[in-house]
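Numbering (my numbering), first residue to last: 5 to 505.
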């Protein structure tokens with residue numbers, strides 16, 4: 005029997021085997037290299053984390069370095085809404101003879117100039133007023149509903165570099181404000197004062213989703229008005245869930261309120277023949293004596309609560325404390341001043357309003373007497389509303405104002421007020437940036453000796469630490485770009501120069 009010939013690989017088969025082995029070697033090699041690189045990357049991330057943790061500890065012990073004005077740079081954008089009283093009374097004159105309308109517009113323009121220093125700022129406008137339904141009286145009913153036909157609001161917050169200069173104009177007895185680029189302008193100064201409505205619309209403007217992350221930005225409201233609300237929500241029940249919902253008013257104009265309020269005093273009828281009183285009050289004297297002041301008190305309180313809830317909600321949405329400023333032009337009543345600056349001192353003034361206004365020494369045949377009497381009546385009742393004597397809990401949640409300016413009686417006053425506000429909120433947007441060298445972290449005992457780093461890394465690597473005062477937040481990052489490294493080197497040179505002075 006023949007023996008079979010020994011079998012072996014052909015050349016083609018051998019080449020196939022070699023190719024397969026090469027592919028396997030490549031795959032295994034990549035896997036091994038990947039594992040090594042991953043371990044290296046993990047080690048680098050571990051080092052970075054240790055360095056950033058060390059920087060956080062360093063910043064606690066060196067917090068004073070963040071107070072240096074040279075470390076502060078503008079890094080935070082502002083969302084600012086101007087709420088402007090457009091009521092007819094704004095067409096009056098200030099003590100220096102300037103029109104309140106023109107003075108307000110010119111002063112807002114000064115604030116806009118300051119806000120233009122940082123292009124990331126955004127601005128919106130809410131121009132509020134209040135008018136009787138149909139523009140006139142509703143028979144003998146003093147609680148006339150007010151519509152919102154003359155309210156104007158920006159549709160969205162506008163980048164500051166797209167905002168031009170506001171314009172004040174007149175046409176006979178009519179006065180207007182024009183917002184550049186706004187097709188709904190000009191807007192006329194006319195009607196009553198529906199303050200709560202202006203606040204509601206401003207809050208909605210800031211809360212609406214506009215495609216820009218609000219976290220890290222700062223919300224600001226600036227309210228300017230020349231009087232107490234004459235139109236608003238008073239009789240209907242409101243709570244936190246619907247304070248910010250825009251509604252028609254159920255409280256009519258202040259003239260009607262004034263008549264009913266004055267009726268609480270026995271001498272009212274003795275001077276009823278006074279023409280001014282007769283003309284305004286003849287049709288409403290049959291209503292309950294206390295109804296008007298009770299409604300006015302509730303109306304003022306609802307303005308305050310709308311502001312309190314607005315500030316709380318917006319601070320939460322933005323993740324930063326809201327700035328809320330109020331400017332009162334020529335305010336005289338204690339309850340009006342309390343509405344714009346609700347603090348303990350203003351509250352105490354409500355209870356002593358009668359003694360301090362001099363109403364008892366005024367001539368009762370003068371219109372001013374009745375007007376002052378109305379202010380006193382509402383002030384006293386507002387104090388009792390906040391501090392009830394029936395054993396029910398006192399109201400404590402009412403202070404919403406960052407700063408109030410209630411003595412604006414001239415153009416120069418208004419200019420100074422708006423300039424101070426704009427400067428203050430611009431300073432609030434500045435973030436302090438401090439650099440620390442990695443070597444200093446290690447030598448200071450903040451970075452463990454077991455973290456192995458090259459001499460080059462220790463000497464040439466920096467951590468940039470940022471402190472945002474408005475949001476009270478720190479952030480830490482390694483300087484990696486050439487600009488960042490150069491900025492830290494410059495920072496160190498300045499610090500060394502100071503130490504050698």
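By construction, the Cβ of each residue, glycine as well, lies at the ideal position given by its N, Cα and C atoms. Note that the structure is a prediction, hence the values are computed from the model and not measured.
Compute the Euclidean distance between the alpha carbons of residue i and residue j, then round it to the nearest angstrom.
i, j, result
"residue 386", "residue 201", "21 Å"
"residue 125", "residue 392", "44 Å"
"residue 432", "residue 164", "17 Å"
"residue 350", "residue 191", "34 Å"
"residue 406", "residue 246", "24 Å"
"residue 184", "residue 160", "14 Å"
"residue 211", "residue 130", "14 Å"
"residue 48", "residue 501", "34 Å"
"residue 62", "residue 345", "41 Å"
"residue 452", "residue 50", "13 Å"
"residue 1", "residue 375", "Summary: the structure shown does not reach residue 1, with the chain confined to residues 5 through 505, and so no result is reported for it."
"residue 339", "residue 176", "34 Å"
"residue 228", "residue 396", "34 Å"
"residue 490", "residue 326", "35 Å"
"residue 289", "residue 235", "Below a pLDDT of 50, predicted positions are generally treated as unreliable, and residue 289, at 46, falls in that range; the measurement from the model is reported next regardless. Using only the alpha carbons, I get a separation of about 20 Å."
"residue 214", "residue 449", "47 Å"
"residue 427", "residue 404", "20 Å"
"residue 493", "residue 207", "44 Å"
"residue 457", "residue 70", "27 Å"
"residue 478", "residue 195", "48 Å"
"residue 394", "residue 298", "16 Å"
Can you tell which of the options has the C-alpha that lies nearest to the C-alpha of residue i?
i, options, result
"residue 463", "444, 470 and 471", "444"
"residue 355", "337, 331, 383 and 362", "383"
"residue 187", "156, 407, 401 and 246", "156"
"residue 216", "322, 181 and 373", "322"
"residue 205", "91, 171, 504 and 314", "314"
"residue 123", "303, 90, 62 and 162", "162"
"residue 330", "320, 364, 230 and 465", "230"
"residue 127", "103, 87, 94 and 97", "87"
"residue 219", "24, 319, 352 and 170", "319"
"residue 119", "489, 365 and 80", "80"
"residue 67", "439, 420, 498 and 20", "439"
"residue 54", "14, 454, 460 and 173", "454"
"residue 328", "337, 336 and 310", "310"
"residue 400", "497, 348, 336 and 364", "348"
"residue 416", "398, 380, 102 and 497", "102"
"residue 104", "379, 173 and 237", "173"
"residue 482", "56, 20 and 394", "56"
Can you name the start and end residues of the alpha helix (DSSP H) that residue i belongs to?
i, result
"residue 428", "415-432"
"residue 494", "486-504"
"residue 470", "No alpha helix (DSSP H) holds residue 470; the beta strand (DSSP E) holding it covers 466-472."
"residue 357", "357-361"
"residue 407", "Residue 407 -> not in any alpha helix (DSSP H); beta strand (DSSP E) instead, spanning 407-412."
"residue 178", "Taken as a continuous stretch (DSSP letters only), residue 178 belongs to no alpha helix (DSSP H), being part of the beta strand (DSSP E) at 178-182."
"residue 338", "338-344"
Could you check how far apart the C-beta atoms of residue i and residue j are, in whole angstroms? I think they sit under 8 Å.
i, j, result
"residue 85", "residue 209", "6 Å"
"residue 422", "residue 112", "6 Å"
"residue 82", "residue 429", "6 Å"
"residue 418", "residue 58", "With 8 Å as the limit, residue 418 and residue 58 do not qualify as a contact, their Cβ atoms being about 51 Å apart."
"residue 324", "residue 222", "5 Å"
"residue 402", "residue 312", "6 Å"
"residue 193", "residue 334", "The Cβ separation is near 15 Å, so there is no contact."
"residue 100", "residue 414", "4 Å"
"residue 116", "residue 167", "6 Å"
"residue 466", "residue 434", "Incorrect: roughly 21 Å between the Cβ atoms, too far for contact."
"residue 461", "residue 436", "That pair is no contact at about 26 Å."
"residue 250", "residue 170", "Contact doesn't hold; Cβ gap of about 24 Å is too wide."
"residue 379", "residue 360", "Residue 379 to residue 360, Cβ: 11 Å. No contact."
How far does the beta strand (DSSP E) with residue i in it reach, from first residue to last?
i, result
"residue 112", "First-last for residue 112: 104-119, but that is the alpha helix (DSSP H), not the beta strand (DSSP E)."
"residue 330", "327-333"
"residue 128", "126-132"
"residue 482", "477-482"
"residue 229", "222-229"
"residue 442", "First-last for residue 442: 442-447, but that is the alpha helix (DSSP H), not the beta strand (DSSP E)."
"residue 365", "Element bounds for residue 365: n/a, residue is neither H nor E."
"residue 67", "Segment: none, residue 67 is in no beta strand (DSSP E) and carries neither H nor E."
"residue 174", "171-175"
*Can you list the beta strand (DSSP E) stretches of 3 or more residues lying completely in the region 78-102, in chain order?*
82-89
Handout entry: Runs of alpha helix (DSSP H) lying entirely within the region 177-218, each at least 4 residues, in chain order
Key = 199-211
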